[in-house]
Amino acid sequence: MTQLTQVRLPGEPGSWRVALDGAGRITGLAPERSGSCYRGQSWHGDWLSPAGVDLQINGAMGLSFAHLTPEQLPQLDQCLDWLWRQGLEAICPTLVTAAPGQIRRALGQLQAARVRHRASRCRLLGAHLEGPFLAASMRGAHPAALLQPLTLERVAGLIEGFEADIAMITLAPELEPDQRSLQWLAARGMQVCLGHSEADAAMARRAFSAGAAMVTHAFNGMVPPHHRAPGVVGAACLTPGVALGLIADGTHVHPDMAVLLQRMAGPDLVLVSDALAPLGLPDGCYPWDQRQIGVAEGICRLPDGTLAGTALPLLEGVRNLARWSADLQSAILAATWRPRRALGERRRLPELLQGLPLCQALRWHGSSDKLSWERAA
50 MTQLTQVRLP GEPGSWRVAL DGAGRITGLA PERSGSCYRG QSWHGDWLSP AGVDLQINGA
110 MGLSFAHLTP EQLPQLDQCL DWLWRQGLEA ICPTLVTAAP GQIRRALGQL QAARVRHRAS
170 RCRLLGAHLE GPFLAASMRG AHPAALLQPL TLERVAGLIE GFEADIAMIT LAPELEPDQR
230 SLQWLAARGM QVCLGHSEAD AAMARRAFSA GAAMVTHAFN GMVPPHHRAP GVVGAACLTP
290 GVALGLIADG THVHPDMAVL LQRMAGPDLV LVSDALAPLG LPDGCYPWDQ RQIGVAEGIC
350 RLPDGTLAGT ALPLLEGVRN LARWSADLQS AILAATWRPR RALGERRRLP ELLQGLPLCQ
410 ALRWHGSSDK LSWERAA
């Protein structure tokens with residue numbers, strides 16, 4: 050048995066000892082007592098965390114999850130292998146607004162892809178439907194012609210047969226003020242997120258009371274907070290347990306506003322990449338549905354300049370947020386433990402690490418202004 054010493058866990062005080070069995074699996078974690086001397090392999094205060102989980106990622110390596118075909122499944126396997134090497138354990142493949150038939154075809158392909166999972170490959174969790182039930186005025190890069198009215202009949206018809214394959218759905222709650230569809234989705238275990246919405250704080254609070262539990266890419270695709278109108282972001286920050294997604298690329302949200310949100314949201318802040326198909330490819334111009342997107346320095350835009358997403362990996366957002374805020378622990382948690390909690394995980398970090406092969410975890414080095422990571426083993 051091997052023992053690691055002077056290990057730090059984000060969100061937990063002090064240093065920890067980590068015991069490994071002969072196969073490199075974590076069999077025990079215990080705090081180190083101050084002043085005691087422990088034998089083992091010292092980590093010199095480096096941080097240990099689970100790998101990342103991205104709740105909003107639209108594609109990578111040239112693949113758009115919303116437009117998958119059966120012929121692309123081997124390419125999807127390669128994409129998931131690449132995402133594993135980027136420090137991700139799992140993703141919620143995000144399907145942006147498309148025709149209902151296209152969304153259902155993509156859900157079918159993702160369903161087929163899940164059975165191909167193997168060790169050391171990023172896992173496909175349930176899909177994240179970002180649309181088509183969005184406010185036209187807040188649609189951003191979503192095509193206006195494909196938006197749908199929010200009714201229970203349309204929602205049920207869209208996802209019929211794929212209820213178990215959907216983890217999250219982003220919608221604009223003001224499109225159905227009685228929240229009938231929202232309650233129906235939440236009752237079936239789907240995480241309902243508010244986004245691309247004109248909702249004010251009062252409407253957001255009603256949606257949270259009805260079962261909504263997350264805000265999609267906070268500040269983007271919604272009415273901005275104002276000192277007389279706190280909006281969706283303000284209502285979410287005052288509702289414990291409601292997660293707030295943040296794209297930490299420095300463009301979607303100014304670094305100072307990202308730090309302000311981190312302080313307001315506290316333990317409910319969750320990092321997302323909002324990455325599109327060009328993730329992992331060089332800057333350039335790429336096809337996106339029937340349109341083109343330009344990628345420059347990790348930012349994706351339509352030809353008219355509309356922000357469409359990023360081409361930056363999730364863990365790059367961790368490094369950005371740690372540098373901006375000088376809060377390394379919170380930044381790491383926002384991409385590793387908190388996304389799991391948003392999906393229902395209730396174990397503390399030490400309990401979550403128990404039994405995990407060390408090679409599946411991440412080791413973080415350095416200070417907040419110069420943070421790096423690697424697979425732990």
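Here the sequence shown is numbered in this note's numbering, starting from 50 and rising by one per residue.
Here a beta-carbon is modelled for each residue, glycine too, at the ideal position from N, C-alpha and C.
Inter-stretch contact at 8 Å, needing at least 3 Cβ pairs: the segment 393–408 / the segment 116–133:
no
Given 8 Å as the limit, is there contact between the segment 340–349 and the segment 375–382, that is, 3 or more CB pairs closer than that? no
For a quick check, are the C-beta atoms of Glu225 and Met187 less than 7 Å apart? no
*asked:* Check whether the segment 169–183 and the segment 141–152 touch, using three or more Cβ-Cβ pairs below 8 Å as the test.
replied: yes
Inset, instruction - Just the C-alpha distance for Ala162 and Leu411, rounded to the nearest angstrom, thanks. - result: 25 Å
(request) Please name the residue in Arg165, His191, Phe211 whose C-alpha comes closest to that of Ala147. (result) His191
- What residues in its chain sit with their C-beta under 6 Å from that of Gln48, if we drop five residues either side in the sequence? Nothing about residue 48 can be reported from this structure: the residues present for the chain run from 50 to 426 only.
Nearest CA to the CA of Phe268: which residue from Gln228, Asp227, Gly238, Leu318?
Leu318
- Would you grab the beta carbon distance between Asp249 and Ala278 for me? Rounded to a whole angstrom, and I think it's under 8 Å. 6 Å
Check: If you drop the 5 nearest sequence neighbours on each side, which residues of the same chain put their C-beta closer than 7 Å to that of Gly101?
Finding: Gly136, Leu137, Glu138, Leu363, Leu364, Ala384, Thr385
Q. Hey, Ser230 and Leu201 are a contact pair by Cβ (cut 8 Å); roughly how many whole angstroms apart?
A. 5 Å
>> Assuming Ser379 is part of the beta strand (DSSP E), what are its boundary residues?
In response: Unbroken run through Ser379 is the alpha helix (DSSP H), 377–384; no beta strand (DSSP E).
Contacting residues, own chain, Cβ-Cβ under 8 Å from Pro406 (five flanking each side not counted)
Ala72, Gly73, Arg74, Ile75, Ala426
Tell me the DSSP secondary structure of Gln197 in three-state form. coil
**Message:** Can you look up Cys86 in the DSSP assignment and give me helix, strand or coil?
**Reply:** coil
So for Asp103, helix, strand or coil by DSSP? strand
| query | Helix, strand or coil for Trp413 per DSSP? | reply | strand
task: Look at the alpha carbon of Gly354 and the alpha carbon of Ala297, and state the distance between them as a whole number of angstroms.
output: 19 Å
inquiry  = Ignoring anything shorter than 3 residues, give me the beta strand (DSSP E) runs that lie fully in the segment 231–305, in order along the chain.
reply    = 240–243, 292–296
query = Who are the Cβ neighbours of Trp133 in its own chain at under 7 Å, not counting the five residues just before and after it?
reply = Ser169, Arg170, Cys171
Quiz item: If you drop the 5 nearest sequence neighbours on each side, which residues of the same chain put their C-beta closer than 7 Å to that of Gly329?
Solution: Ala109, Met110, Trp131
Under three-state DSSP, which class holds Ser186?
helix
Three-state class that DSSP yields for Ser91 in the structure shown:
strand
Using only the alpha-carbon positions, how far apart do Gly393 and His414 sit?
29 Å
- Count the other CB atoms, across all protein chains shown, that sit within 10 Å of the CB of Cys334; report buried if there are 16 or more and exposed otherwise. exposed
Just confirm the distance between the C-beta atoms of Gly244 and Val264, as a whole number of angstroms; I'd bet it's less than 8 Å.
7 Å
Smallest Cα separation from His166: which of Pro274, Leu129, Pro62, Asn107?
-> Leu129
Fill in: Proximity below 7 Å, CB of Asp103 to CB of Ile140
yes
Would you mind stating whether Ala357 and Arg350 have Cβ atoms separated by less than 7 Å? yes
Q: Let me know the secondary structure DSSP gives Ser322 once reduced to three states.
A: coil
Distance check for Ile106 and Ile215, CA to CA, integer angstroms please.
14 Å
query = What are the boundary residues of the beta strand (DSSP E) that Ala176 is part of?
reply = 176–179
Opening and closing residue of the alpha helix (DSSP H) in which Glu456 lies:
No information on residue 456 is available, as it lies outside the stretch 50 to 426 that the chain covers here.
Original post:
If you draw a straight line from the alpha carbon of Arg372 to that of Met313, how long is it in whole angstroms?
Top reply: 18 Å
* Going straight from the alpha carbon of Leu199 to that of Gln409, what length do you get? -> 40 Å
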